[in-house]
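The structure appears below as structure tokens.
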Amino acid sequence: MKIGIVMGSISDKGIMDAASATLSEFGVESEVKILSAHRTPAALEAWVSDLRDRGFAAVIAAAGGAAHLAGVVAAFTTLPVIAVPIKGHSLEGLDSLLSMVQMPSGIPVATVGIDGAKNAALLALSILSVTDKDIAARLADFRKSQAEKILALND
Ligand code: RP5
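In the working numbering, the protein residues as written are 64 to 218.
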């Protein structure tokens with residue numbers, strides 16, 4: 064299954080490249096789009112609406128500022144939506160974080176930390192791992208290797 068990655072602006076891409084790179088490391092295909100809840104709402108709806116039928120398992124949605132993108136994506140699909148608040152120029156991303164976590168009851172998104180593109184990908188992989196044993200094994204290996212690297216610093 065594939066993971067959708069959408070961001071509100073090309074200016075988010077430098078941060079979000081880590082999400083597609085992490086998915087690639089685990090052999091998972093992603094489709095990356097620059098679409099905005101405010102600037103291109105019709106194109107966003109068109110892209111999101113048939114993602115389930117096209118074999119996608121989850122959507123990662125990144126935006127800065129008012130950051131309505133993940134919420135609007137979740138309005139158009141019942142696939143899991145993972146929100147990435149992007150650090151902005153004025154309020155350091157706190158505005159986006161608070162906007163993303165304060166979704167109305169009934170339309171959830173799972174929000175990672177500010178600029179948390181890698182964790183968003185890892186969370187998407189965890190979702191895939193429920194039904195994909197290969198990804199589950201790769202995630203276990205990743206955790207083991209991560210712990211070994213940290214523990215080796217103490218030798
Ligand atoms: C949001 O506004 C985007 O996700 C981006 O993080 C922020 C600034 O966008 P640009 O003005 O750089 O296009 O919609």
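Where is the CB? At the ideal position from N, CA and C, for every residue including glycine.
Residue i Cβ short of 7 Å to ligand 1 heavy atom set
i    : result
M163 : no
I177 : no
I198 : no
V64  : The sequence given here has Met at residue 64, not Val. Answer for M64: no, Cβ out of range of ligand 1.
Cβ neighbours of residue i in the same chain (closer than 6 Å, five flanking residues each side left out)
i    : result
R201 : F89
I221 : In the structure as shown, the chain starts at 64 and stops at 218, and residue 221 therefore has no counterpart that could be examined.
Identity of the residues DSSP links to residue i by a beta bridge
i    : result
I123 : I68, I145
A173 : I145
I97  : M70
Same chain, Cβ closer than 7 Å to residue i, neighbours up to 5 away in sequence not counted
i    : result
L186 : I145, A173, V175
L114 : G67, V122, T140, L142
Contact set for residue i: own chain, Cβ-Cβ below 8 Å, skip 5 residues either direction
i    : result
A129 : H101, D158, S159, S162
P104 : V135
Of all residues in the structure, which have a C-beta closer than 5 Å to any heavy atom of ligand 1, taken in chain order?
G71, S72, S74, D75, A126, G127, G128, I149
* Are there three or more Cβ pairs, one per stretch, closer than 8 Å when the stretch 77-89 is compared with the stretch 168-186? -> yes
Open item on the list: Under 8 Å, with one C-beta from each stretch per pair, do the stretch 186-199 and the stretch 147-154 reach the 3-pair mark?
Closed with: no
For this session: Count the CB pairs spanning the stretch 96-113 and the stretch 207-217 that are closer than 8 Å, and state whether there are at least three.
Result: no
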